Amino acid sequence: MTFRGTNTYILGRGEVAVMDPGPDDPTHLQAILDATRGETITHILMSHDHHDHSALVPKLKEATGAPLLAFHAPTSALVPDVALQDGDRVEGDTWAVEVIHTPGHTDDHLCFATGDLCLTGDHVMGWATSAIIPPRGNLRAYMDSLDKMAARPWRRFLSAHGDPIEEPARRLEALKASRQAREASILSLLDSGGLTLDDLVAQLYRRLGPGLARAARLNVEAHVIALAEDGRLLREGDRVVRS
Ligand SMILES: [Zn+2]
Numbered sequence: 580m581t582f583r584g585t586n587t588y589i590l591g592r593g594e595v596a597v598m599d600p601g602p603d604d605p606t607h608l609q610a611i612l613d614a615t616r617g618e619t620i621t622h623i624l625m626s627h628d629h630h631d632h633s634a635l636v637p638k639l640k641e642a643t644g645a646p647l648l649a650f651h652a653p654t655s656a657l658v659p660d661v662a663l664q665d666g667d668r669v670e671g672d673t674w675a676v677e678v679i680h681t682p683g684h685t686d687d688h689l690c691f692a693t694g695d696l697c698l699t700g701d702h703v704m705g706w707a708t709s710a711i712i713p714p715r716g717n718l719r720a721y722m723d724s725l726d727k728m729a730a731r732p733w734r735r736f737l738s739a740h741g742d743p744i745e746e747p748a749r750r751l752e753a754l755k756a757s758r759q760a761r762e763a764s765i766l767s768l769l770d771s772g773g774l775t776l777d778d779l780v781a782q783l784y785r786r787l788g789p790g791l792a793r794a795a796r797l798n799v800e801a802h803v804i805a806l807a808e809d810g811r812l813l814r815e816g817d818r819v820v821r822s
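Residue numbering for the sequence shown follows our numbering, starting at 580 and increasing by one per position.
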């Protein structure tokens with residue numbers, strides 16, 4: 580589910596920040612240390628504490644002495660040295676970022692903006708939509724966080740997986756539209772009677788690779804939770820019905 584792996588970003592020159600160290604992989608650690616040879620890593624920024632972003636944090640801290648700066652949610656496995664909040668500004672001599680709290684993919688998710696460029700982590704990716712896995716993932720929060728990003732003009736997004744996104748506004752719109760379409764499909768499937776979550780998954784994902792079945796089920800569940808909260812459907816035992 581990480582496409583070509585996790586993108587790790589190095590901000591600034593001389594005294595630098597590393598965002599999203601990545602998985603606990605000695606090759607990845609060495610690549611970060613090689614890329615910053617002759618420089619000092621003074622900050623470790625983290626978009627959220629999923630292991631493909633965060634597992635290398637302890638070893639990078641040990642190797643550099645740099646503090647971890649991240650959002651501290653009650654569900655966070657890693658406790659940051661500096662807890663960041665929405666609107667905070669973090670800077671070094673040659674770099675500065677504004678912290679944007681974007682819950683949805685997870686409750687602790689942060690994007691880091693510098694001018695009209697934004698490091699969007701797993702909130703906005705070009706190659707896939709974000710997995711919303713309850714309970715840390717919340718679909719309504721995710722939609723609100725898409726709107727929050729869409730309220731500003733951006734030139735480019737750099738995400739944690741895959742290529743840069745050169746048309747951020749269009750990507751944000753497409754992500755929102757695909758979720759709205761998914762909601763509409765769920766509601767229309769329920770028009771002719773109640774279905775179990777597994778029925779819904781089978782109808783919505785007709786050709787699903789075996790490795791993705793669990794993620795698909797959790798994504799559908801995230802939609803069902805959101806629609807139930809909106810009062811548009813009800814859960815009766817293991818069945819989902821229109822309200
Ligand atoms: Zn993630």
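Ideal Cβ placement from N, Cα and C applies to all residues, glycine included. Remember, it's a predicted structure, so these values are computed and weren't measured experimentally.
Contact set for residue i: own chain, Cβ-Cβ below 8 Å, skip 5 residues either direction
i: SER757; result: THR708
i: LEU806; result: GLU762, ILE765, LEU766, LEU812
i: GLU815; result: GLY773
i: PRO747; result: CYS697, VAL703, MET728, TRP733, ARG734, ARG735, PHE736
i: GLU800; result: PRO713, LEU776
Distance between residue j and residue i (C-alpha atoms, nearest Å)
i: CYS690; j: ARG616; result: 26 Å
i: LEU536; j: ILE623; result: No statement about residue 536 is possible, as the shown extent of the chain runs from 580 to 822 and does not include it.
i: VAL678; j: SER771; result: 46 Å
i: CYS697; j: ASP665; result: 14 Å
i: ARG715; j: THR585; result: 20 Å
i: LEU657; j: GLU745; result: 32 Å
i: ILE589; j: ARG731; result: 24 Å
i: ARG818; j: VAL803; result: 11 Å
i: ASN798; j: ASP686; result: 15 Å
i: GLY790; j: ALA662; result: 35 Å
i: GLU641; j: GLN782; result: 48 Å
i: HIS576; j: PHE650; result: Nothing about residue 576 can be read from this structure; the chain reaches only from 580 to 822.
i: ALA652; j: THR643; result: 25 Å
i: GLU582; j: GLY741; result: At residue 582 the sequence reads Phe, which differs from the Glu that was named. Their Cα atoms are separated by approximately 7 Å.
i: THR693; j: ARG592; result: 15 Å
i: ALA753; j: ASP613; result: 37 Å
Ligand 1 heavy atom lying under 7 Å from the CB of residue i
i: ASP701; result: yes
i: HIS680; result: no
i: HIS629; result: yes
i: HIS684; result: yes
i: HIS632; result: yes
Bounding residues of the beta strand (DSSP E) (the contiguous stretch that carries residue i)
i: SER738; result: 735-738
i: TYR784; result: It is not in any beta strand (DSSP E) - TYR784 carries neither H nor E in the DSSP assignment.
i: ALA692; result: 689-693
i: LEU812; result: 812-815
i: ARG668; result: 668-670
i: MET598; result: 594-598
i: ARG818; result: 818-821
i: LEU698; result: 696-700
Own chain residues within Cβ distance below 6 Å of residue i, not counting five before or after
i: THR681; result: HIS688, CYS690, HIS702, SER724
i: ARG719; result: ALA805
i: ARG821; result: LEU769, LEU812
i: GLU594; result: THR619, THR621, GLY671, ASP672
i: PRO743; result: ARG735, LEU737
i: ALA710; result: ALA794
i: ASP660; result: PRO646, LEU647
i: MET704; result: SER738, HIS740, GLY741
Neighbourhood of residue i by C-beta distance below 7 Å, restricted to the same chain and skipping five residues each side
i: ALA795; result: VAL780, TYR784, LEU787
i: ASP905; result: There is no way to answer for residue 905, as the model of the chain reaches only from 580 to 822.
Enclosing alpha helix (DSSP H) for residue i [first to last residue]
i: HIS802; result: 792-808
i: THR643; result: 636-643
i: ARG750; result: 747-768
i: THR606; result: 605-614
i: HIS632; result: 630-633
Chain C contact for residue i (CB, 8 Å cutoff)
i: ALA710; result: Here chain C cannot be found, since the structure has a single protein chain.
message: Contact between the region 736-743 and the region 774-781 is defined here as three or more beta-carbon pairs at a separation below 8 Å; is this criterion met?
response: no
query: Below 8 Å, can you find three or more Cβ-Cβ pairs linking the region 628-636 to the region 596-607?
result: yes
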